[in-house]
Amino acid sequence: MAEKNEKKQVNEGKGKFSSLDLPDLPKGLPPQLEFQRTRVLCNLDAPIHTDTVMYGGAYASMGVDNSVQLDYFRQKFRVEVVRLTKDDMEFDLIGIDPSIANAFRRILIAELPTMAIEKVLIANNTSVIQDEVLAHRLGLIPIMVDPRLFEYISENDTNNEKNTIVYKLHVRCERGAPRLTVKTNELKWLPNGSELLLDSKNSDSNPTSKPRTYTSFSCSQASLPKFANNPINPMPDITIARLGPGQEIELEAHAVKGMGKTHAKWSPVATAWYRMLPEVVLLEDVEDEDAEKLVNTCPVKVFDIEDIGNGKKKATVARPRACTLCRECLRIGEEWEKRVSLRRIKDHFIFTIESTGALPPEVLFTEAVKILEDKCERVITELS
Amino acid sequence: MEHGAFGDQSNATFSLTEEDHTLANAVRFTLNQDPRVTFCGYSIPHPSDARVNIRVQTTGDPAREVLKDACQDLMLMCQHVRSTFDKAVADFKTSERGQAMNIDSEE
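Going line by line, the protein sequences match chains A and B. Position in the first sequence (from 1) plus 162 gives the number in the numbering used here. Position in the second sequence (from 1) plus 1115 gives the number in the numbering used here.
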């Protein structure tokens, strides 16, 4: 921290002409360099200026400080929520470097914990779906519980009420009955733990003790206040298997806490992705037939037609956000590359998170940011 | 964890276990913002090992302190992102609720 203060003093000592004091930081940069720095230009053949200029002193010779100081970041950074539902959200992160936006995305996919079925004890399976395929399908079922209420289980730990959720599945299709579709609704939560007995040689020696099962719960999960009124259910209405007449499945499934980097079944998001904000600019006026042509070419309807009087029409950019950079508008003809310019803004990210149901998407994002903070803290403590 | 030439504190390579591009690339960004840094970069020596090497060369300050400051900066940035995001979500929720109430009252 002392280091930090020293640094500040040095900055202040530099004098009044620090570029940080200017109302708009990159003011000193010539327009073409400023364009390269802030925009990706999508030409017909390939996009250019795709890299970000990371080095703080990149434009030092022009007297422009390229570094994003913390105060400046705090001033400029914005978040705008576009859509927020139970399991899906879209928001804009404005004024942030791709390396940090990407860190959030990677953490969302691979480093946020959830609960997922890890062990399946199959007592009977006469269906056509093989044991291992069935177990894999069970693993992928999202379990709708806050993973923060559970602990990780390590190799030497016993399964207890703090680290394991147990489900039972016992379904049978009677002879003469039509084929039966087994859905996740059939999975019954066992708050008292496993009901399958462990084989043990000395079980007769102590008949009064509780029979040992595959888990050792000290109390029922249903008696814990956090689960008392909301049973831990898997995502309903997902098909697990189909049974023909006479077929039966009897099994027990044990869910534990894990992370997406171990196996994708623990990923709390269906997907989390971002794209940069498209910017569509008409470099010259596009009128009449050309305007019609432009509007009809765009598959996502980025352009609109505006009446400019005397029966003349002009194309306008109405919905640049919808642009997918398909570049159809540049393919109309040779001269169109000079008329339309497709760009992306490098520090404006349209972030989309689709949750699988364990946690709402806005909570997932805050948790992801917290994990990045924890990572930094770990490095700091290890270095001190 | 730190491998550097003896005596010269300003150049060092830090080997972080259980980390990957997620942290290393973000830290590389914050390191690059620091005027004291002359060079920084990271590598993952083998994709099967959960390990990154971060190289830091400075104008004279101890590389260890500079890296620590970079992590501190990243952490402060994260905290700001989190508070801004929470505020944006709260604002969105209240405005949405307001809209829903307006629709209800119109009906």
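Just so you know, even glycine gets a beta-carbon here, dropped at the ideal spot from N, CA and C.
Query: At a Cβ threshold of 8 angstroms, is residue 1162(B) touching chain A?; Result: no
Query: Between the segment 1189–1201 of chain B and chain A, which residues of the former have a C-beta closer than 7 angstroms to a C-beta of the latter?; Result: 1189, 1190, 1191, 1192, 1193, 1194, 1195, 1196, 1197, 1199, 1200 and 1201
Query: Could you tell me the boundaries of the alpha helix (DSSP H) in which residue 538(A) lies?; Result: 523–545
Query: Could you tell me which whole alpha helix (DSSP H) segments of length 4 or greater appear in the segment 424–466 of chain A?; Result: 450–459
Query: Closest by CA to residue 436(A), which one among 297(A), 264(A) and 278(A)?; Result: 264(A)
Query: With 7 angstroms as the limit, tell me which residues of the segment 419–453 of chain A have their beta carbon closer than that to any beta carbon of chain B; keep them in chain order.; Result: none
Query: Please compile the residues from chain C whose C-beta is within a distance smaller than 7 angstroms of the C-beta of residue 312(A).; Result: Judged by its chain identifiers, the structure shown contains no chain C, and its protein chains are A and B.
Query: Would you identify the three-state DSSP class for residue 1158(B), choosing helix, strand or coil?; Result: strand
Query: Bridge partners of residue 498(A), per DSSP?; Result: DSSP lists no partner for residue 498(A).
Query: Which residue from 258(A), 326(A) and 406(A) puts its Cα closest to that of residue 238(A)?; Result: 258(A)
Query: With a threshold of 16 other CB atoms inside 10 Å of the CB of residue 416(A), please say whether the residue is buried or exposed.; Result: buried
Query: For residue 204(A), does the three-state DSSP call read helix, strand or coil?; Result: strand
Query: Would you kindly report the start and end of the unbroken alpha helix (DSSP H) that includes residue 257(A)?; Result: Per DSSP, residue 257(A) belongs to no alpha helix (DSSP H) and is neither H nor E.
Query: Using 8 angstroms as the threshold, is the C-beta distance between residue 1171(B) and residue 1181(B) below it?; Result: yes
Query: Please name the residue in 460(A), 448(A) and 355(A) whose C-alpha comes closest to that of residue 142(A).; Result: Absent from the structure is residue 142(A), since the part of chain A shown begins at 163 and ends at 546.
Query: Expressed to the nearest angstrom, what Euclidean distance is found between the alpha-carbon atoms of residue 1210(B) and residue 1217(B)?; Result: 11 angstroms
Query: Return helix, strand or coil for residue 1130(B), following the three-state DSSP convention.; Result: strand
Query: Compute the Euclidean distance between the alpha carbons of residue 274(A) and residue 1154(B), then round it to the nearest angstrom.; Result: 32 angstroms
Query: Given that residue 528(A) touches chain B, what residues does it touch there, using C-beta distances under 7 angstroms?; Result: 1197, 1200 and 1201
Query: Would residue 249(A) pass as a contact of residue 412(A) if the rule is Cβ separation under 8 angstroms?; Result: no
Query: For residue 1131(B) versus residue 1159(B), is the C-beta spacing smaller than 8 angstroms?; Result: no
Query: Are any of the Cβ atoms in chain A nearer than 8 angstroms to that of residue 1171(B)?; Result: no
Query: Taking Cβ to Cβ, would you say residue 488(A) is nearer than 8 angstroms to residue 461(A)?; Result: yes
Query: What separation, rounded to the nearest whole angstrom, lies between the Cα atoms of residue 532(A) and residue 440(A)?; Result: 29 angstroms
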